[in-house]
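What follows is a set of notes on a single structure, which appears directly below.
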Amino acid sequence: MKSKIKPVEKIRIFALGGVGEIGKNMYVVELDEDIFVIDAGVMFPEDEMLGIDKVIPDITYLIERQHRIQAIFLTHGHEEHMGAIAYVLKQLSVPVYGTKLTLGLAEALLKEQGVSGAKLNEVHPDAELVFDKAKVTFFRTIHSIPDSIGISLHTSQGAIVYTSDFKFDQTPYGNNRTDLGKMAQIGEEGVLCLLSDSTNAERPGYSGSDTVVAYEIADVIGHAKGRVFVACYASNITRIQQVLYAARQSGRKVAVIGKTLHKVMDIAVRLGYLHVPDKVTISAHDIDRYHDRELVILTTGGHGEPMSALWRMARQANKQVNIKEGDTVIVAASVMPGYELGFAKTIDALYRAGANVIYRDRQVHVSGTVAKKN
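Just so you know, numbering that gives the first Met the number 0 puts 18 at position 19 of the sequence shown, and the rest follows in order with no gaps.
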């Protein structure tokens, strides 16, 4: 390895966002004069940030040194890690590397923002990229979105490893796996610096398994007497897949509500990361044609808040469907920091509308990041 790359005398690592906050992830690794950028995320505003839709990293440092940038690496398709890529590529003409699904979601963002001519390069988790001062390898990780990867920059002084968001799951759902063997191999070769996911590092115990969640969701949907509403993040393709299969198993139809949810599902289906069973989904306009016992309504929200659509439904303010007495609502998402008050108000509004809310009393959601004992 060391014979293929030049020696590095000076290494600098710093963050342009993502430290001490949820979102806006963007990290810079400098190997002498070569710059590598990892992730380009947005942060969703807290309640007191009135008039702000999204918060993006300050990339002035990169703009002034763009001739030194070798690559931008995107670890996965969450907006907190790649949502600012259109803004970045409007000002930087540099190559971007990511897995198939991540780049598919990035392409959609670029199209929405009118950015063309981007240098997007698809990488396989087993790929190796050789640059002047580093060899870059990747390793598969389990997260709440498929095609997630960690990154290792192998230098003459050792490896710089960036895990991104990940967890360990001994009974994973589907084909998602964290590549422990490759992680161990990187460790044996020598690690200079580890940049690890710490979102739930202070949460006791272990991260839950998505396989358990699949059973719980199927059980709730199968035993519900009326309509079932499921709220999740649009990017949580694993959770969406579980809902679709549970609906098929119970003989229900799924109405998908939300522009972002439709967009993500279309991309995931086209690229082969989501399977929609035949004749399971229906248009939201056809909801009234079915009995309550035949329906699952899958919904999400924007700006980091998966409950925003449910809030309108609970207040009888949604144009397509609203909550009524006897509905079951599965909250298959965790609240992001800064949104706790709005989250609690939505739960309260759902109860007031007569819904049976399934949240903390059943394991209908688990985190996509490692807990303390992991």
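Ideal placement from N, C-alpha and C gives every residue a C-beta, glycine not left out. Nothing here was measured: the structure is a model prediction, and the numbers come from that model.
Segment contact flag, the stretch 88-103 with the stretch 171-180, C-beta cutoff 8 Å, min 3 pairs: Cβ pair count under 8 Å is below three, so no.
Those residues which DSSP pairs with asparagine 355 across a bridge: In the sequence shown, the residue the question calls residue 355 occupies position 356. Asparagine 355 pairs with Thr327.
When Phe43, Gln90, Ala85 and His75 are compared against arginine 64, the one with the closest alpha-carbon: Taking the sequence shown and counting its residues from 1, one reaches residue 64 at position 65. The option with the nearest alpha carbon to arginine 64 is Gln90.
Sequence-distant residues of the same chain with beta carbon closer than 7 Å to serine 115, five excluded per side: Taking the sequence shown and counting its residues from 1, one reaches residue 115 at position 116. The answer is none, since no qualifying residue turns up.
Rounded straight-line distance, which links the Cα of valine 263 to that of glycine 189: The residue you call residue 189 lines up with position 190 of the sequence shown. The residue you call residue 263 lines up with position 264 of the sequence shown. One C-alpha to the other measures close to 38 Å.
Extent of the continuous beta strand (DSSP E) to which alanine 230 belongs: Counting from one through the sequence shown, the residue named residue 230 turns up at place 231. Where alanine 230 is concerned, the enclosing beta strand (DSSP E) stretches over 227-230.
Proximity winner among Arg238, Asp347, Phe228 and Ala245, relative to glycine 221 (alpha-carbon distances): Within the sequence shown, residue 221 is the residue found at index 222, counting from 1. With respect to the C-alpha of glycine 221, the residue from Arg238, Asp347, Phe228 and Ala245 having the closest C-alpha is Ala245.
Glycine 97 vs phenylalanine 72 beta-carbon contact at 8 Å: Taking the first residue of the sequence shown as position 1, residue 97 is located at position 98. Taking the first residue of the sequence shown as position 1, residue 72 is located at position 73. One thing to note: glycine 97 has its Cβ within 8 Å of the Cβ of phenylalanine 72.
Contact the stretch 25-33 vs the stretch 177-191: 3+ CB pairs below 8 Å: No: fewer than three Cβ pairs fall under 8 Å.
Burial state of histidine 123, where buried means 16 or more other Cβ atoms lie within 10 Å: In the sequence shown, the residue the question calls residue 123 occupies position 124. Of the other Cβ atoms in all chains shown, fewer than 16 fall within 10 Å of the Cβ of histidine 123; this residue is therefore exposed.
Glycine 250 versus Pro6, Leu294, Arg269 and Ala83, residue with shortest Cα-Cα distance: As a working note, residue 250 is residue 251 in the sequence shown. The shortest Cα separation from glycine 250 among Pro6, Leu294, Arg269 and Ala83 belongs to Leu294.
Beta carbon of aspartate 57 nearer than 8 Å to that of leucine 15: Along the sequence shown, one-based indexing puts residue 57 at 58. Along the sequence shown, one-based indexing puts residue 15 at 16. Annotated as proximal: aspartate 57 and leucine 15, with beta-carbon spacing under 8 Å.
Contact set for leucine 128: own chain, Cβ-Cβ below 6 Å, skip 5 residues either direction: In the sequence shown, residue 128 corresponds to position 129, counting from 1. Sequence-distant partners of leucine 128 (beyond 5 residues in either direction) whose C-beta falls short of 6 Å from its own C-beta, in its chain, are Val135.
Expected contact under 8 Å - CB spacing of leucine 349 and isoleucine 322 to nearest Å: Taking the sequence shown and counting its residues from 1, the one referred to as residue 349 is at position 350. Taking the sequence shown and counting its residues from 1, the one referred to as residue 322 is at position 323. The beta-carbon distance between leucine 349 and isoleucine 322, rounded to whole angstroms, is 6 Å. This is short enough to meet the 8 Å contact definition.
Local conformation of serine 307 per DSSP, three classes: On the sequence shown, residue 307 is found 308 positions in, with the first residue counted as 1. Judged by DSSP in its simplified three-state form, serine 307 adopts helix.
Completely contained alpha helix (DSSP H) runs for the stretch 45-128, where each covers 4 or more residues: Residue ranges of uninterrupted alpha helix (DSSP H) with 4 or more members, entirely inside the stretch 45-128 and ordered along the chain, are 59-62, 78-81, 84-88 and 99-111.
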